[in-house]
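First the structure, in the form of structure tokens, and then the observations on it.
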Amino acid sequence: MGLNLETRSRIYDFDSIEADDEFDTELAKAYARYRDAAENKSEIEIHNYLQDKASQNKKEYNDVVSALLYGALTEPGKARMFFQSISFVNRDNFASIVTKLQVLTTSIKFQNLKLAVRDQIFWLISELTSLNVQNVDTLYLCLMRQIRGGDVGQPNVLLCEQILKLFEVHKVWLGTSPRVIATAVYTYLRTIADHRTLQLQSLQQKEIRFVINLMREKWMLCVPIGRDLIRILYDLRAIPDIKQFWDTLLNSPQSISPKFKGIDTVLKTPTPKEFLRCRITPDIEFKLLFILQNLRITQYQRNLTWFVQRFLNTPEAEPFYADVIRFIVAGWYPSNQILQSDIVPRYVIIGSMMRSIKSNVVLTNVKTALVYDWLFFTSTDNIMFIEPAMLLMERSAERYPGITALIMEFLKKSVDEYFPPLRDYMASCVTCGMRVLLNKGVIRSLIPIYRCPATESITRDYMQALFSEFLVEDKQQSAVLPSSVSMQPSGGSGSESNAMRSMPSTPKSENVEYPSEQQQQQGDIDYDSNQKSQQTPKLAIMTPMKDDEDVDAYLYGQSDTEMENTVVNDTEKSVEDTPLPPSEDTDMNDTNEDTMLVVEDEKEEEETDGLQSHQSYWIFGDSLKRFKEASANAIATLREGNVEQYSELNMTSKKNLKEILAVFLRMAIPAETLGSAIGAPIRNIVVSNLLIHNSTPNSMDSVDEDTIVQDPTKDVFDLIMATFWSSCNNDASRDKVIRLIGCIAHTKKTSKTKRHIIGMRWWSFIAGQLGNEQVTESLDISEWFPSIIINYKAYVSHAFSVEESTIDKSDYLREYLKGDLQALADKNIVYFNDIIPLLYQYLPNVTVGDLDILKLTLLMLLPETVGKLTCNLYSDSTRIFGNQISTFFVSDSLALTTYETTHLWQLLAAELQGKSDEIYRLFQQPQVIHAMKTNFKIEILPSLFSILTSIPPSKDLMYAILQIMPATLKVTQPQTQFILASLQYWSQQRTDEFLSSLSELTEWITDQIENEEDRSGMATQLLHVLTIWWDQKSASESFKLDKKVLFDLFKLGNLVAYTCPKEWSLEQPRKKKRPILLDSDEDE
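Numbering (the UniProt record's numbering), first residue to last: 1 to 1084.
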């Protein structure tokens, strides 16, 4: 009888109001199907059923593994039986099991797991560890993340004990896993501080012994933790055992490890984000990042209050503040989109939390967590380490001077007292950090803080001691502080108006650029890459804002209301003053790093004879003005999240753009002229939609322009593409639209990232037509897709001419296409899979043989696309690898994931079918031979066998595949099984070629040995594998009856002292003659 899926979860303890977990439901359904299929079956029948189902395809295999895992988790009494079944059907070295356990151990619902299920998870991980399964270490990392800091409740304490016990059981394995060792040391050093009570003293002692032993035995594996390791040890130095280790660390570091040069080397190493993140559970991280990534400055207070009350409200939990602050400061960085929005900044959250702390000890630890990286900051470090502390001091100076004084005093005392041997070094680092903060424009000057009436004299003394060189009066700078943001204690209820930012009273920098993720990782950050020297002091008055001034408004204090009024005023003023609003010439351009999308001021090239002149402008009536106004307002409302108003403005933009395009197609207006006028608003809309929705538009059910205008999910670029589509039969109109799209995407100031977003939208539109029944029913793909390729080449050629590129035009097209495909793959995998087979078929000179496109394709392939490509390859309508197959990539593919490796070899097998020369060339390459010898994957056997059996055997081919056998030959090795299967196939299906090739190979090796060439190893391998084949009684009759081949092999065995089967010697046993008796009738 099947499982009743209507019952509540057997994995989680849910309240009645909580929704079911999707993964839990998926496992339960798979188990129900398994139970139904296994009902009334014997053990052998169940085993055969599982093997058959797991062998069908990846989906069925996944279904089987899910069912068996669910059984092992929910039925402890049968767990070993289920695990044995998992082992029987295992096709991927337990990778699927590890992946599914990762889902459970990283779930934000981990704390809701039933205790029995949690015990089973530990049991399964222990079994996988005993088998030394690949990536099992990730499960330990996931489990340790689930230990809640500051939580001394029974479930959390039990989790600490269970993980510790697991480490003790698998101590040998632990010693081979550096990542787990470092994370375990960092995690349990933090839990030791939590387990100070008498009831938990026994557990604390176990944790202390565990950590001390690990640090003494594997100290150099702990050093990569970085400076936070020293911070935690310093906090625990009152514990006798840790104090002893601390003293040794300070006074005799090389006694711990000869390679260790001293504590200062650790202090100068920033702690990697993964260690700071490991002390934040997935559930807590999810809730904290929701605040940091989604809530405006006017909305965060309620959520932060709930967060503090939920996780930090007890005396036992207060030490957890330090972990949370360290995570906010150095474990997570806001994206450019967040930095340029009105999302609550990090320093506001930190300030609110600090005002909620009751314990002085905890407050001291939190201050250390805040400024710790500043004490050792160098010019190559990430400025995001020190930005929150500086902004918190600056923005608190007027309204919360106590916070400014507190941090400044702590910074000064930390330099003097934290580690006296490095006092001068820390002082120089603090100075260096301030210099970088000023140079990058994070703050304008220290003078406003120093001269602020609320700043105490002692705080000024600290500032003089630390930053005297930056306190010189500069006539070019205003001595007025930015207004602060209200930082109510998180436990309180501040009004929304108190949390609003007020208008900035100090000048803002010209171009503030916060770092991209790539820059954050590299530490190469430029807050103000284009800052100009100010010739005259700027007055603190309200001036009209350009489109991109919202960046500084939100970073430096302007309120939402004021910003909205400013944008409106700017739009009205610009529309009245000039035919083409200068505010709309701005564009959401990239910074110097192409990977970032930030708001910048893009000044379009002026047209001396274009639409700026009155004689051209009147042609469009007021459509152009209304289009630009609606586009600007649409972008503003999109940023604010007003979906309804955005839909109305978006429709207005499209209606006016439709009128503009109609005039453009009728009149002799150059595409360059119109493109310069409408390009920036269209690019801004495209990027805004990408940032807000983070996906490409849906497939189009209709390419009718009127339908596009009415559809709220389509934007202005969809309308342009629909216009292109409808004009495909008119060469003149089509060419004009292509030229216009090129002018919109390609200006000298448009970054590559922006261009590829436009290119991504091009291909997403084309992919949408593949799912459009109106198109597919009326036209065959072969009739219209080649013209799309021609038009795309024309579009890229425009970029080639604008950029004035010096590289070959075909190479430029290839690189451009790669960028477009990468953007498409990032945003819509389905569209990518729709397009890539067609590009291989209709754009072969660019795609075929290109490793970058192939790697991207392998990463993104869906099963149905693999099938489609395989069919195309078998039919010779498509090629992927080309004539020159990269043997390095083929060999490296064996180190990829099983999924990618299997797909690559499946496609390679389809392309190489029957191509003797290419197959011979591939298997004779040393790189391929070495990879298959050392890193052979059994998953590629079907493809490999398909390749070899598609051509007749030869001496060289047999010689090549014999070389893949490991030095120690075993029957169970996949290489041996593969060679035996090949011999069997050839001997039965290609008998004559096989015997001829084997004879030729044997004679050649024999001649080499007789001529004193060293081929004894190959001879032994050949004889060994043929002997195995013979002894298994599976050798073909043709081989057994070929006396010449057998004798040549026997002769070869004598040359290398290898004992061959005696039947190969061809010596017939002599029969003993019986005497004939005289009186016998035998002679008759």
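Don't be surprised by glycine CBs; every beta carbon is placed ideally from N, CA and C. It should be emphasised that the depicted structure is a prediction, and the values quoted were computed from it without experimental measurement.
- DSSP, reduced to helix, strand and coil, places leucine 896 outside both helices and strands of the structure shown, so it counts as coil.
- Taking 4 residues as the minimum length, the alpha helix (DSSP H) runs contained wholly in the segment 780-864 are 781-803, 809-827, 829-842, 844-847 and 851-860, in order along the chain.
- Looking at the backbone, the Cα of arginine 435 and that of glutamate 387 are separated by about 12 Å.
- At a cut-off of 3 residues, not a single continuous stretch assigned as beta strand (DSSP E) sits fully inside the segment 610-671.
- By the Cβ test, the segment 115-126 is not in contact with the segment 23-31, since fewer than three Cβ pairs between them sit closer than 8 Å.
- Contact between phenylalanine 376 and methionine 426 holds, since their C-beta atoms are separated by about 7 Å, short of 8 Å.
- Annotation: the continuous alpha helix (DSSP H) that includes tyrosine 920 extends over 916-923.
- Beta-bridge annotation (DSSP): isoleucine 343 is paired with Arg296.
- Across the structure, lysine 58 and glutamate 900 are spaced so that their CA atoms are roughly 13 Å apart.
- Straight-line measurement puts the Cα of phenylalanine 717 at about 11 Å from the Cα of phenylalanine 724.
- The three-state secondary structure of leucine 236, taken from DSSP, is coil.
- For leucine 198, no alpha helix (DSSP H) encloses it, and the DSSP letter there is neither H nor E.
- Boundaries of the alpha helix (DSSP H) harbouring lysine 273: 273-277, taken from the DSSP string.
- Approximately 4 Å separates the beta-carbon atoms of isoleucine 325 and alanine 369; this is inside 8 Å, confirming the contact.
- By the CB criterion at 8 Å, leucine 1001 and methionine 965 fall outside the cutoff.
- Under the DSSP assignment, proline 942 falls in the alpha helix (DSSP H) whose first and last residues are 941-948.
- Judged by beta-carbon spacing, valine 266 lies beyond the 8 Å limit of isoleucine 212, meaning their Cβ atoms are not closer than that value.
- Using a Cβ distance threshold of 8 Å, leucine 944 and tryptophan 905 count as a contacting pair.
- Contact between the segment 978-997 and the segment 1030-1045 is established, with three or more Cβ pairs separated by less than 8 Å.
- Straight-line measurement puts the Cα of aspartate 283 at about 33 Å from the Cα of arginine 91.
- In the displayed model, tyrosine 985 falls within a helix according to three-state DSSP.
- By the Cβ-count criterion, aspartate 834 is buried, with 16 or more other Cβ atoms from all chains shown falling within 10 Å of its own Cβ.
- For leucine 113, the pairing in a beta bridge is given by DSSP as Tyr12.
- The Cβ-Cβ distance between arginine 279 and arginine 179 does not fall below 8 Å.
- Alanine 636 and leucine 690 have their C-alpha atoms some 15 Å from each other.
- A residue is called buried when at least 16 other Cβ atoms come within 10 angstroms of its Cβ; cysteine 871 does not meet this threshold and is exposed.
- Closest in alpha carbon position to aspartate 323, among Asp342, Arg296, Leu164 and Thr271, is Thr271.
- A Cβ-Cβ separation of about 7 Å places valine 157 in contact with leucine 200 under the 8 Å criterion.
- Aspartate 151 places its beta carbon less than 8 Å from that of alanine 317.
- Look at phenylalanine 94 here: in three-state DSSP terms it is coil, with no helix or strand label.
- With a contact defined as Cβ atoms closer than 8 Å, alanine 397 and alanine 454 qualify at about 6 Å.
- Taken in chain order, the unbroken stretches of alpha helix (DSSP H) that lie wholly in the segment 49-106 and span 4 residues or more are 58-74, 79-89 and 95-105.
- Counting C-beta pairs with one atom in each stretch, the segment 728-738 and the segment 756-774 have fewer than three that are closer than 8 Å, which means they do not touch.
- Taking C-beta atoms as the reference points, isoleucine 108 and phenylalanine 286 count as a pair closer than 8 Å.
- Straight-line measurement puts the Cα of arginine 395 at about 41 Å from the Cα of valine 103.
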